[in-house]
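Read through the structure below, which is laid out as structure tokens, and then see the notes.
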Amino acid sequence: MKDDAEPVILDDPGRIKALSHPLRRRILHRLRAHGPATSTTIGEVLGANTGTTSYHLRQLEKYGFIEEIPERSAGRERWWRPAAAPRDLRLPDPATVAPEDRAVLDELIRVAHAEDMELFRRLPAEYERDRAWARLSRGFAHMTEEGLVEFYEAYIRLLHEHGHRREDAPPGARPVHIRLFTLPADED
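Those letters in the sequence shown? Residues 1 to 188, per full-length UniProt numbering, in order.
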């Protein structure tokens, strides 16, 4: 497997489609944040029936995002965990996506945007409740394209340096949502 710190472009339309379903994204997040679970336990937490969660778990498995834990599974009860995956999974340049696959990429972007908007909606309350963990910063700068790429790559390096997978996290670590986006401001 490639070094998990190396960027990997998510360019397989099937994998993009697998990640564009909101319930699959919630299932994957749940497994990454809270560890292994069964279809039943995930369904209870997410408010979905076991048949639905089983189907979506199999889709996530098919595209390599999760894997069964055979040593914990028995009979019909199957335990799932996130699969070893790159920590830097990036979307493809839209110009490189085949026209027939563009709708799938657009849907993934739309679903991810909706998730981010929900996080932004929660931010004020979380900031008041837990300032040690809810941090925010805004910035503005003039950058060249090359400078922006360097800034982004430095940010990713910092994330890898200070962030951990759940199974490798030190005592006291918590799952934390982290977002970075940049937009040109010359149209404001």
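From the three backbone atoms N, C-alpha and C, an ideal C-beta is built for every residue, glycine too.
Quick one: grab the DSSP three-state call for residue i.
i: Arg157; result: helix
i: Leu89; result: strand
i: Ile178; result: coil
i: Met1; result: Annotation note: pLDDT 34 at Met1 (below 50); position unreliable, no value reported.
i: Val8; result: strand
i: His164; result: coil
i: Leu183; result: coil
i: His29; result: helix
i: Val149; result: helix
Over the uninterrupted alpha helix (DSSP H) stretch that includes residue i, give me the two end residues.
i: Ile69; result: That residue, Ile69, is in no alpha helix (DSSP H); it is neither H nor E in DSSP.
i: Tyr55; result: Thr50 to Lys62
i: Ala18; result: Pro13 to Leu19
What residue does the beta strand (DSSP E) around residue i start on, and which one ends it?
i: Arg81; result: Trp79 to Pro82
Looking at the strands, I want to know which residues DSSP matches up with residue i.
i: Ala37; result: Trp80
i: Ile109; result: According to DSSP, which records beta bridges pairwise, Ile109 is partnered with nothing at all.
Using only CA atoms, which one of the options lies nearest to residue i?
i: Arg58; options: Asp93, Ile27 and Pro94; result: Ile27
i: Ala85; options: Ile66, Ala103, Asp130 and Pro94; result: Ile66
i: His160; options: Val45, Ala114 and Ile178; result: Ile178
i: Phe181; options: Arg131, Ile109 and Glu126; result: Ile109
i: Asp12; options: Gly51, Arg32, Gly47 and Gly64; result: Gly64
How do the segment 71 to 85 and the segment 35 to 48 stand: do at least 3 beta-carbon pairs fall below 8 Å, yes or no?
Look at the beta carbons and you see the segment 71 to 85 touching the segment 35 to 48: at least three pairs across the two are nearer than 8 Å.
Using a Cβ distance threshold of 8 Å, determine whether the segment 10 to 25 contacts the segment 108 to 122, with at least three qualifying pairs required.
Yes, since at least three Cβ pairs between the segment 10 to 25 and the segment 108 to 122 fall closer than 8 Å, the two stretches touch.
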